[in-house]
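See below for the structure under consideration.
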Amino acid sequence: MSRERHAELTDLLSRAETAYHRDDEPIMSDADYDAGRAELRALEAADPSLSSERPVGAAPAEGFAKIRLAKPMLSLANTFSEDEVAAFLQAVRRDLGLASGDPLRVCAEPKIDGLSLNLRYEDGYLVQASTRGDGSVGEDVTANARTIMDIPWRLPGAPAVLEVRGEVYMSHADFRALNMRQAERGGKTFANPRNAAAGSLRQLDPEVTRERALSFFAYAWGECSEPLGATQTEAVARLAALGFPTNPLMGVAEDAAGLTALYRAIHEHRPDLGYDIDGVVLKIDDLALQEELGFRSTTPRWATAWKFPAETAWTTLLAIDIGVGRTGVLAPVARLNPVTVGGVVVSNATLHNAAYIAGLDGDGQPIRGGRDIRVGDRVQVYRAGDVIPKIADVDLAHRPAHAVPFVFPGHCPACGSEAVRLEGEAAHRCTGGMGCGAQLVEKLKYIAGRDVFDIRGLGDTQIEQFSDLGWLGGPGDLFTLPIPTIATLEGWGETSARKLGEAIEAAKKQPLDRVILAFGIPLVGETVSRLLARHFGSWSCFDAAMDRLAAGDAAVEAEILGIEGIGPIILASLARAMRQPAERDAIRTLAAALDIADVQAPAAADAPLSGKIIVFTGSLVRMTRDEAEARAEALGARTAGSVSKKTTLLVAGPGAGSKAAKAAELGIETIDEEAWMRLAGLEAEPAAGTERGLFDEPQP
Ligand code: IVH
Numbered sequence: 003m004s005r006e007r008h009a010e011l012t013d014l015l016s017r018a019e020t021a022y023h024r025d026d027e028p029i030m031s032d033a034d035y036d037a038g039r040a041e042l043r044a045l046e047a048a049d050p051s052l053s054s055e056r057p058v059g060a061a062p063a064e065g066f067a068k069i070r071l072a073k074p075m076l077s078l079a080n081t082f083s084e085d086e087v088a089a090f091l092q093a094v095r096r097d098l099g100l101a102s103g104d105p106l107r108v109c110a111e112p113k114i115d116g117l118s119l120n121l122r123y124e125d126g127y128l129v130q131a132s133t134r135g136d137g138s139v140g141e142d143v144t145a146n147a148r149t150i151m152d153i154p155w156r157l158p159g160a161p162a163v164l165e166v167r168g169e170v171y172m173s174h175a176d177f178r179a180l181n182m183r184q185a186e187r188g189g190k191t192f193a194n195p196r197n198a199a200a201g202s203l204r205q206l207d208p209e210v211t212r213e214r215a216l217s218f219f220a221y222a223w224g225e226c227s228e229p230l231g232a233t234q235t236e237a238v239a240r241l242a243a244l245g246f247p248t249n250p251l252m253g254v255a256e257d258a259a260g261l262t263a264l265y266r267a268i269h270e271h272r273p274d275l276g277y278d279i280d281g282v283v284l285k286i287d288d289l290a291l292q293e294e295l296g297f298r299s300t301t302p303r304w305a306t307a308w309k310f311p312a313e314t315a316w317t318t319l320l321a322i323d324i325g326v327g328r329t330g331v332l333a334p335v336a337r338l339n340p341v342t343v344g345g346v347v348v349s350n351a352t353l354h355n356a357a358y359i360a361g362l363d364g365d366g367q368p369i370r371g372g373r374d375i376r377v378g379d380r381v382q383v384y385r386a387g388d389v390i391p392k393i394a395d396v397d398l399a400h401r402p403a404h405a406v407p408f409v410f411p412g413h414c415p416a417c418g419s420e421a422v423r424l425e426g427e428a429a430h431r432c433t434g435g436m437g438c439g440a441q442l443v444e445k446l447k448y449i450a451g452r453d454v455f456d457i458r459g460l461g462d463t464q465i466e467q468f469s470d471l472g473w474l475g476g477p478g479d480l481f482t483l484p485i486p487t488i489a490t491l492e493g494w495g496e497t498s499a500r501k502l503g504e505a506i507e508a509a510k511k512q513p514l515d516r517v518i519l520a521f522g523i524p525l526v527g528e529t530v531s532r533l534l535a536r537h538f539g540s541w542s543c544f545d546a547a548m549d550r551l552a553a554g555d556a557a558v559e560a561e562i563l564g565i566e567g568i569g570p571i572i573l574a575s576l577a578r579a580m581r582q583p584a585e586r587d588a589i590r591t592l593a594a595a596l597d598i599a600d601v602q603a604p605a606a607a608d609a610p611l612s613g614k615i616i617v618f619t620g621s622l623v624r625m626t627r628d629e630a631e632a633r634a635e636a637l638g639a640r641t642a643g644s645v646s647k648k649t650t651l652l653v654a655g656p657g658a659g660s661k662a663a664k665a666a667e668l669g670i671e672t673i674d675e676e677a678w679m680r681l682a683g684l685e686a687e688p689a690a691g692t693e694r695g696l697f698d699e700p701q702p
């Protein structure tokens with residue numbers, strides 16, 4: 003019994019992990035997942051013969067092997083003013099015993115705000131990557147580093163031993179895209195690009211790192227079997243020649259005035275770099291002099307970090323507005339008395355969600371010392387990663403007497419539909435679906451966009467333009483746009499309008515899974531859409547099932563829950579959308595405008611397994627369950643997650659339990675994995691006479 007439960011749990015949790023990490027599309031709540039893990043651990047504790055493939059419940063911090071660094075990774079002393087820089091130069095000159103006229107070249111480069119990484123190459127091969135850890139012992143993140151495009155695996159012509167050091171970071175664009183993806187799928191969002199980079203690099207599953215666009219700049223080295231150059235500049239140029247990205251904003255100056263000019267130039271570039279920097283690193287250029295100067299306990303004497311001033315400012319919070327996103331997420335926005343923060347005028351800041359405003363994080367722990375944010379408050383604004391302005395703090399001493407705690411609306415401010423919080427989510431969502439005008443415009447942008455129907459010529463600007471003209475009352479209207487009139491609009495012409503017409507016409511032909519995806523139902527992303535499409539096969543079957551779902555039909559709920567990969571939370575989200583009359587109408591109108599292809603029976607009717615309904619249970623050794631199902635479908639079968647009267651074949655691996663019992667009860671043919679391999683044509687038949695193929699006709 004416990005063996006069966008163990009197999010079931012391992013399978014479920016591994017699917018949940020893939021859905022969460024790889025697909026960013028959770029199929030169960032964090033609480034359910036944790037409960038599952040706890041149960042699995044308990045089963046394994048009670049019966050040591052049970053073990054899961056991967057360590058269960060290992061905290062990430064314990065999950066990485068420790069690496070003793072060949073040379074310590076140090077930090078930098080900080081400087082904050084031109085005077086302090088002059089003092090730094092004076093100390094260096096004194097330590098080196100330079101006369102006042104002797105030249106001293108100093109290199110200046112941006113201080114990248116990421117996390118440092120040591121990459122060890124032996125004979126030109128990347129053999130190890132380590133984080134800084136405590137400076138002497140780091141974490142082994144080799145597999146993860148190998149997924150970063152900027153990091154070469156091979157370095158032809160490199161010294162026999164070469165440790166390259168640099169910064170892993172995430173660009174503003176990648177950070178925004180990641181957070182948007184995470185937020186839409188109910189995942190964890192990151193406070194700034196640095197946190198996102200650290201969280202993405204320190205993943206136990208390198209596949210997660212691969213999907214998080216990380217970048218790298220090389221700026222230093224550790225152990226090295228031969229010198230890379232005579233100066234800092236030369237050595238970095240050598241790293242660039244070997245294939246590493248190095249920062250283009252490096253410069254060399256000879257005195258405080260020259261360094262100040264470089265510092266200002268880099269500071270001026272800061273807003274357009276597209277990634278975070280938090281200062282300028284000054285390094286004595288001559289490596290022989292670096293050597294001579296040496297180190298203090300944790301910082302080199304030959305370098306200093308000239309930090310940019312903190313970019314914060316105090317202003318008044320005028321109002322809290324609520325924006326509505328594509329999937330209905332209600333996004334509170336602070337309207338501020340405009341204030342300059344780091345050279346940019348800020349008048350809006352994100353407030354994330356209700357808990358954030360109340361002074362709590364996602365786990366209910368206090369942030370800002372638990373101080374809530376109220377309209378009328380004096381608030382401290384900062385630019386997180388220099389992109390998204392946020393509120394750092396609230397000045398309670400200046401709180402107006404009339405300020406009241408903010409009450410998060412229970413209804414969508416755009417359409418008035420009820421706003422609800424889905425289980426495990428911090429955000430409130432409008433339940434109006436496509437009946438909500440604000441959501442609709444965002445949804446239409448999404449539907450026409452690259453991820454769904456990819457209609458050329460119908461970008462965000464055009465959607466907004468046509469929406470303002472009153473042409474887009476629902477998604478179906480995308481397909482009945484007045485092309486001749488569009489040709490007469492400013493910025494349009496005969497050709498561009500005709501091309502748009504053609505692109506729209508071409509987009510009418512869609513496979514069922516794209517159509518389901520287009521509805522933009524929370525938690526129903528690509529994977530879930532595909533599962534639903536595969537299960538229902540045609541629009542008419544799907545549509546009929548959705549009617550029954552909206553009516554609360556328990557049988558159809560059970561049927562959907564029977565689809566592997568769909569759990570109660572997704573089901574609830576789907577049902578909620580289908581119960582909204584406006585949403586249901588919009589979905590129908592969209593479908594009516596389209597030519598929806600049924601899910602192709604992947605093989606012809608004479609395919610070997612055509613007409614069979616196969617259920618896999620227990621653990622398979624030779625292939626994953628996904629592979630087995632894909633193979634079965636390629637051979638014409640349909641697959642199901644549970645045994646019913648319609649099931650024609652059960653493939654049962656070790657650990658099969660209730661499904662096997664039910665199949666036996668119903669008299670359904672059951673085979674083991676070996677027989678399945680032969681049936682699937684993946685292994686030779688045994689010698690004639692010993693066993694007959696399952697679906698072979700009896701010999702005459
Ligand atoms: S040189 C011996 N150069 O800043 C010091 N560090 O505060 C070697 N950093 O841990 C570091 N950009 O993570 C250096 N251009 C740059 C840098 C840089 C960012 C980081 C690095 C280091 C931290 C020290």
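So that you can map any letter, position 157 of the sequence shown is 159 in this note's numbering, and since no number is skipped, the others follow by simple counting. All C-beta atoms in this analysis are idealised placements derived from N, C-alpha and C, irrespective of residue type, glycine included.
Put simply, the region 191-211 touches the region 113-125. At least three CB pairs are less than 8 angstroms apart. Rounded to whole angstroms, S227 and P161 show a C-alpha spacing of 6 angstroms. By the 16-neighbour rule on beta-carbons within 10 angstroms, K445 is buried.
In the DSSP assignment, L338 falls outside any alpha helix (DSSP H) and lies within the beta strand (DSSP E) extending over 332-343. With contacts defined as CB atoms closer than 8 angstroms, A588 and P477 qualify as a contacting pair. Between R624 and E559, the alpha-carbon positions lie close to 33 angstroms from each other. Counted as a single uninterrupted DSSP element, the alpha helix (DSSP H) harbouring L592 occupies residues 583-595. Put simply, the backbone Cα of G38 is about 30 angstroms away from that of R581.
In this structure, T233 sits away from S77, with a CB-CB distance that is not shorter than 8 angstroms.
Those residues whose C-beta sits under 5 angstroms from the nearest heavy atom of the ligand IVH are, from N- to C-terminal order along the chain, L76, S77, L78, E111, K113, I114, S118, E169, Y221, A222, V283, P302. By the criterion of a C-beta distance shorter than 6 angstroms, R134 is surrounded in its chain by M75, S118, G140, once the five residues flanking it on both sides are discounted. With a cutoff of 8 angstroms on beta-carbon distance, P340 and L251 are scored as not near each other. Taking a contact as a CB-CB distance under 8 angstroms, the pair T248 and A242 counts as one, their CB atoms being some 4 angstroms apart.
Counting only residues of its own chain and dropping the five nearest sequence neighbours on each side, R385 has a CB closer than 8 angstroms to the CB of E313, V343, G344, V346, V348, P391, K392. DSSP, reduced to helix, strand and coil, places V409 outside both helices and strands of the structure shown, so it counts as coil.
Per DSSP, the continuous alpha helix (DSSP H) segment holding Y448 begins and ends at 439-450. Cβ neighbours of F310 within its own chain (closer than 7 angstroms, five residues either side excluded): H269, D280, G281. Ranked by how close their Cα comes to the Cα of I485, the residues D470, D674, I506, G472 have I506 in first place. Here the region 408-418 makes contact with the region 320-333; the two share three or more CB pairs at distances below 8 angstroms. According to the DSSP assignment, A553 belongs to no alpha helix (DSSP H), since it is labelled neither H nor E.
Secondary structure at S173: coil, using DSSP grouped into helix, strand and coil. With fewer than 16 other Cβ atoms inside 10 Å of its own Cβ, F297 counts as exposed. Counting every other CB atom within 10 Å of its CB across the protein chains shown gives W155 a total below 16, marking it as exposed.
Under the three-state reduction of DSSP, W308 is assigned to strand. If you look at N350, you'll find it isn't in any alpha helix (DSSP H); it sits in the beta strand (DSSP E) that goes 346-352.
DSSP lists V282 as the bridge partner or partners of P112. Comparing alpha carbon positions, the residue from S644, L668, K614, A666 closest to L681 is K614. Using a Cβ distance threshold of 8 angstroms, G569 and E6 do not count as a contacting pair.
Note on geometry: alpha-carbon atoms of G253 and L180 lie some 33 angstroms from one another.
In this chain, the alpha helix (DSSP H) harbouring W678 covers 675-681. Annotation: A315 to G103 spans about 43 angstroms, alpha carbon to alpha carbon. Contact holds between the region 459-475 and the region 489-503, because three or more Cβ pairs, one in each stretch, are under 8 angstroms apart.
Contact between D176 and A215 holds: their C-beta atoms lie close to 4 angstroms from each other, under 8 angstroms. For V653, the closest alpha carbon among the candidates G495, A662, I465 is that of A662. In the structure shown, the three-state DSSP call for K614 is coil. In this structure, V617 keeps its C-beta atom at 8 angstroms or more from the C-beta atom of S575.
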